[in-house]
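K.L.:
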Amino acid sequence: MPFDTPRAKPELELRDVSKQFGDLQALRGVCLRVAPGDSILLYGPNGAGKTTLLRVLSTLARPSEGKVLLNGEDVHSNPAAAKSAIGFMTHTTFLYGELTVRENLEFAGKLFGLRAMAERLSNAMETFHLHERAETMVRELSRGYQQRVSLARAFLHDPQFLLLDEPFTGLDAGSTESLQTLLRGLGSQGKSLIFSTHDFEQGKAIARRLVALEGGRVLYDGPMEAAPLAALKAGERSHGAGARS
Amino acid sequence: MKKTFPQTVHLAVTLAALLVSLYFIFLYAPQESTMGEVQRIFYIHVSSGNMAFLAYFLTFFGSFVYLWKRNESADDFAYGSAEVGFIFCTCVLITGPLWAKPVWGIWWTWDERLTPTFFLWLLFVGYLMLRSYVIAPGRAALLAAVVSTLGVVDVVFDFWVIRMKSYRGQHPAAVMGGGENSGLDPRMWVAVFVTFVACLLLFSYLVRQYMRVAALRRQVARLRQLRDSSSGA
Amino acid sequence: MHTLRIIAAIFEKDLRVEWRHRETLASMCVFGLLVIFLFNFAFEPAGEESLRLLPGLLWIAFAFAGVLGFNRSFASERENAALEGMRLAPVDAGAIYIGKMLANLFFMAIAEAVMVFAASLWYNFSFIPALGWFTLSTFFCTLGYVAVGTIFAAIAANTRMREVMLPVLQFPVAIPIFIAGVEASTGALKGDPPGDYASWIKLAAGFSVIFVVLSYLLFEFVLEE
Numbered sequence: 259m260p261f262d263t264p265r266a267k268p269e270l271e272l273r274d275v276s277k278q279f280g281d282l283q284a285l286r287g288v289c290l291r292v293a294p295g296d297s298i299l300l301y302g303p304n305g306a307g308k309t310t311l312l313r314v315l316s317t318l319a320r321p322s323e324g325k326v327l328l329n330g331e332d333v334h335s336n337p338a339a340a341k342s343a344i345g346f347m348t349h350t351t352f353l354y355g356e357l358t359v360r361e362n363l364e365f366a367g368k369l370f371g372l373r374a375m376a377e378r379l380s381n382a383m384e385t386f387h388l389h390e391r392a393e394t395m396v397r398e399l400s401r402g403y404q405q406r407v408s409l410a411r412a413f414l415h416d417p418q419f420l421l422l423d424e425p426f427t428g429l430d431a432g433s434t435e436s437l438q439t440l441l442r443g444l445g446s447q448g449k450s451l452i453f454s455t456h457d458f459e460q461g462k463a464i465a466r467r468l469v470a471l472e473g474g475r476v477l478y479d480g481p482m483e484a485a486p487l488a489a490l491k492a493g494e495r496s497h498g499a500g501a502r503s
Numbered sequence: 403m404k405k406t407f408p409q410t411v412h413l414a415v416t417l418a419a420l421l422v423s424l425y426f427i428f429l430y431a432p433q434e435s436t437m438g439e440v441q442r443i444f445y446i447h448v449s450s451g452n453m454a455f456l457a458y459f460l461t462f463f464g465s466f467v468y469l470w471k472r473n474e475s476a477d478d479f480a481y482g483s484a485e486v487g488f489i490f491c492t493c494v495l496i497t498g499p500l501w502a503k504p505v506w507g508i509w510w511t512w513d514e515r516l517t518p519t520f521f522l523w524l525l526f527v528g529y530l531m532l533r534s535y536v537i538a539p540g541r542a543a544l545l546a547a548v549v550s551t552l553g554v555v556d557v558v559f560d561f562w563v564i565r566m567k568s569y570r571g572q573h574p575a576a577v578m579g580g581g582e583n584s585g586l587d588p589r590m591w592v593a594v595f596v597t598f599v600a601c602l603l604l605f606s607y608l609v610r611q612y613m614r615v616a617a618l619r620r621q622v623a624r625l626r627q628l629r630d631s632s633s634g635a
Numbered sequence: 382m383h384t385l386r387i388i389a390a391i392f393e394k395d396l397r398v399e400w401r402h403r404e405t406l407a408s409m410c411v412f413g414l415l416v417i418f419l420f421n422f423a424f425e426p427a428g429e430e431s432l433r434l435l436p437g438l439l440w441i442a443f444a445f446a447g448v449l450g451f452n453r454s455f456a457s458e459r460e461n462a463a464l465e466g467m468r469l470a471p472v473d474a475g476a477i478y479i480g481k482m483l484a485n486l487f488f489m490a491i492a493e494a495v496m497v498f499a500a501s502l503w504y505n506f507s508f509i510p511a512l513g514w515f516t517l518s519t520f521f522c523t524l525g526y527v528a529v530g531t532i533f534a535a536i537a538a539n540t541r542m543r544e545v546m547l548p549v550l551q552f553p554v555a556i557p558i559f560i561a562g563v564e565a566s567t568g569a570l571k572g573d574p575p576g577d578y579a580s581w582i583k584l585a586a587g588f589s590v591i592f593v594v595l596s597y598l599l600f601e602f603v604l605e606e
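Laid out in structure tokens, this is it:
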């Protein structure tokens, strides 16, 4: 359901965002601007706040301090517009084990109020090669296949911003390759991508911008080529595993 | 608050009021003609009962402010009121039977005052259990606020239902609705009032301490995290 | 309009999930039947007595079967965080509540029908003469019970020991509806003039409306992170 937002420059922005979970501070004063065509790799050790940052951007988590803005407007004051513009995928697949692949996508489509549902469904299933098992219950599918359904769910409403948390987990070589191609192509369509991955080389091959996080703070935000990679990786090695990934 | 009414003064006033209320209960108030000495438990019983209902309402009030303003100390106030209110409510349920047994000959009866008090006690139990069993610590305050809001509306229905059930009341109708017909000696009224004020002071002191401890605990957690993150970098 | 379609989609989804495994309804019915069955051996009521005990017995069975069902209704939502998936869509939190609540109401109605039928059979008691008023009063009381059950189940889903947490939260709040249910169905089954127990049905209806609206408004906070 495309909303009447100014089509010119859709921009998603975190302004001084902090997020507190009880006594645990997951994000501290994070500022980030996501412009059209951006392709951002989120990088950092476990517990750096990558998932929390994506959850805050996705509107699932409300920041304890600071604001999330879509085209300068607080996303929590007009959640419907923001949610239609955002597609989010994370460790939890958001799928119902007792429904088939098609039913799961159809349900998500209804929630997003999509028109021309049949076409959208078949496009999404085409993109992620889900046709042959469309009528299988999600519970009976392998982890990698579920991951693809979950990706299809995130892409289903053709969102402007794609937030993907470890999208390559569990995918086989073929699916990995086609997902890489898909993600590389997003920029030319004017869409914005933010993703995290544990495989830095793979991320580097897709993203043009790097945002490195540590302890809930942004350490580096800039072009991939200019990133002080050695320093960032050394920082990671000296760190133990954190509480929240 | 901190400057105008330091907590040491608060504590001293509370203790003094409690002592004074003991004087009023045991020396000033006259002995009740039919029930005898045991009736003196009435002053503590009634005050605790009123405090328990007041505390539940204050829990709701704190929750409401929290939902509206997202102010952490509003939530501390709600939680503190519930904990202290639970103790007052337990106190009613203990002093009640202690008084009832010698006077009515039974420990308990499901009448129109005991029953809603017991329901209130159950609501406190649910609220407090929820607070300690929520998995994600950041969510406890919100969920508890929702529970106390539903609970406070339910208390209204409890009274409605109990009235419709029209239990034959054993319970003396004094204090809340009784007024002049209740036949209380004026000196007893004074003792009731003094005890209630003492309970109010005790309640406010305990909740204040609770809020202070909660704020300190948060501060410690923040400082500890700051230390951990700066020593790592 | 959009909201109505969302509610319908959620309701339909819950029915479909339930149709696939049938665990919720099966456990509700079996558990309810066991309560009714055990009650017979605990009290061995006969004739007049069973008329006096039946409404209370039924409501005890309804209450426990309901808790079982409400807990289950959030199991599939919890499994892959599907509830969060709904929140990612431009959907009012209240609409999610209404959809889940209606599905629970539907399951509860089926389970109650099964329990009433079994009670009628085992206690040789005919519900037919009072069926209209009995159904009316049971409907409103069930609506109120499901209204609080659904929101408390969503809250309890966030806790350890949620199977215990749900009744601890829900029973105290549901007491008025429980009492109204027993009183109204006693009146109906005895064949009293409806005017005598209509006030209980009104109470249940008032309770239902207030708690449905309140939960609709508060559900956003239950889902918020």
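These protein sequence lines are chains H, W and R, in that order. Counting with my numbering, you get residues 259 to 503 for the letters of the first sequence. Counting with my numbering, you get residues 403 to 635 for the letters of the second sequence. Counting with my numbering, you get residues 382 to 606 for the letters of the third sequence. Ideal placement from N, C-alpha and C gives every residue a C-beta, glycine not left out.
Just how far apart, CA to CA, sit H:Asp296 and R:Gly466?
P.N.:
Approximately 25 Å between the Cα atoms of the pair.
K.L.:
Rounded to a whole number of angstroms, what is the C-alpha to C-alpha distance between W:Val596 and W:Phe488?
P.N.:
22 Å
K.L.:
Taking Cβ positions only, does R:Pro436 come closer than 7 Å to chain W?
P.N.:
no
K.L.:
What does the alpha-carbon distance come out to for the pair W:Phe463 and H:Gly305?
P.N.:
When rounded, the distance between both Cα atoms is 36 Å.
K.L.:
Name, please, each residue of chain C whose Cβ falls closer than 9 Å to the Cβ of H:Arg320.
P.N.:
Although the question refers to chain C, the structure presented lacks it and instead comprises the protein chains H, W and R.
K.L.:
Residues of chain W with CB under 7 Å from R:Asn539, in chain order?
P.N.:
Val536, Ile537, Ala538, Arg541 and Leu545
K.L.:
Against chain R, does H:Tyr354 count as a neighbour if the rule is that its beta carbon must be under 7 Å from one of theirs?
P.N.:
H:Tyr354 has a beta carbon lying within less than 7 Å of a beta carbon in chain R.
K.L.:
Could you spell out where the alpha helix (DSSP H) holding R:Ile417 opens and where it closes?
P.N.:
Here the alpha helix (DSSP H) through R:Ile417 covers Glu404 to Phe424.
K.L.:
Alpha helix (DSSP H) containing H:Met383: first to last residue?
P.N.:
Met375 to Thr385
K.L.:
Tell me, to the nearest whole angstrom, how far the beta carbon of H:Leu440 is from that of H:Gln404; I am working on the premise that it is less than 8 Å.
P.N.:
With a Cβ gap of about 18 Å, H:Leu440 and H:Gln404 do not count as contacting.
K.L.:
Tell me the rounded alpha-carbon separation between R:Val529 and R:Leu584.
P.N.:
Taking the straight line from one Cα to the other gives about 15 Å.
K.L.:
Would you say the segment 358-378 of chain H touches the segment 470-477 of chain R, given that touching needs at least three Cβ pairs under 8 Å?
P.N.:
yes
K.L.:
Is any heavy atom of the ligand ADP found at a distance shorter than 6 Å from the C-beta of W:Val467?
P.N.:
The ligand ADP is not part of this structure, which contains no ligands at all.
K.L.:
Check whether chain H comes within 7 Å of W:Ala457, counting only Cβ atoms and requiring the distance to be less than that.
P.N.:
no
K.L.:
What do you get for R:Asn505, buried or exposed, if any count of 16 or more other CB atoms within 10 angstroms of its CB means buried?
P.N.:
exposed
K.L.:
Show which residues of chain R have a CB atom less than 7 Å away from the CB atom of W:Gly528.
P.N.:
Val549, Leu550 and Pro553
K.L.:
Buried or exposed: W:Met578, going by 16 or more other Cβ atoms within 10 Å of its Cβ?
P.N.:
Any answer about W:Met578 is weak, because its pLDDT of 40 lies below 50 and its placement is not dependable; what the coordinates show is given next. By the neighbour-count rule (16 or more Cβ atoms within 10 Å), W:Met578 is not buried but exposed.
K.L.:
Closest Cβ-Cβ distance between H:Ser342 and chain R: below 7 Å?
P.N.:
yes
K.L.:
With distances taken between CB atoms, is the gap from W:His447 to W:Thr511 smaller than 7 Å?
P.N.:
no
K.L.:
Counting C-beta neighbours from all protein chains within 10 Å, is the total for W:Glu582 16 or more, i.e. buried, or is it exposed?
P.N.:
With a pLDDT of 47 at W:Glu582, under the threshold of 50, the predicted position of this residue should be treated as unreliable, and no value is reported.
K.L.:
List the residues that DSSP assigns as beta-bridge partners of H:Gln278.
P.N.:
H:Gln283
K.L.:
With a threshold of 7 Å between beta carbons, is W:Arg621 in contact with chain H?
P.N.:
Before going further, note that residue 621 of chain W is Gln rather than Arg in the sequence given. Closer than 7 Å: no.
K.L.:
Does DSSP put R:Phe506 in a helix, in a strand, or in coil?
P.N.:
coil
K.L.:
Quick one: residues in its chain with C-beta nearer than 7 Å to the C-beta of R:Leu547, no 5 flanking neighbours on either side, listed in chain order?
P.N.:
Val448, Phe451, Asn452, Phe533, Ala534 and Ala537
K.L.:
Determine, using beta-carbon pairs with one atom in the segment 419-430 of chain H and one in the segment 448-455 of chain H, whether at least three such pairs fall under 8 Å.
P.N.:
Yes, the segment 419-430 of chain H is in contact with the segment 448-455 of chain H.
K.L.:
What residue from R:Val495, R:Ala389 and R:Trp440 has the CA that sits closest to R:Val411's CA?
P.N.:
The shortest Cα separation from R:Val411 among R:Val495, R:Ala389 and R:Trp440 belongs to R:Val495.
K.L.:
From the DSSP output, in three-state form, read off W:Asp556 for me.
P.N.:
helix
K.L.:
Select from W:Pro539, W:Thr551, W:Arg565 and W:Ala546 the residue whose C-alpha is nearest the C-alpha of H:Ala284.
P.N.:
W:Pro539
K.L.:
Taking only three categories from DSSP, how would you classify H:Thr455?
P.N.:
coil
K.L.:
Quick one: grab the DSSP three-state call for H:Val333.
P.N.:
Three-state DSSP puts H:Val333 in coil, outside helix and strand.
K.L.:
Pull up the distance between the alpha-carbon of R:Ile558 and that of W:Trp562, whole angstroms please.
P.N.:
11 Å
K.L.:
Rounded to the nearest angstrom, what separates H:Leu477 and H:Ala484 at their Cα positions?
P.N.:
13 Å
K.L.:
Looking only at its own chain, which residues have a Cβ that is under 7 Å from the Cβ of R:Trp440, when we skip the five neighbours before and after it?
P.N.:
Phe559, Gly562 and Val563, listed in sequence order.
K.L.:
Would you kindly work out how many angstroms separate the C-alpha atoms of W:Asp513 and R:His383, rounded to a whole number?
P.N.:
49 Å
K.L.:
When the cut-off is 7 Å and only beta carbons count, does H:Gly295 lie next to chain R?
P.N.:
Under the 7 Å criterion on CB atoms, H:Gly295 is classed as non-interfacial with respect to chain R.
K.L.:
Between the segment 443-471 of chain H and chain R, which residues of the former have a C-beta closer than 8 Å to a C-beta of the latter?
P.N.:
Taking 8 Å as the Cβ-Cβ cut-off against chain R, none of the residues of the segment 443-471 of chain H qualify.
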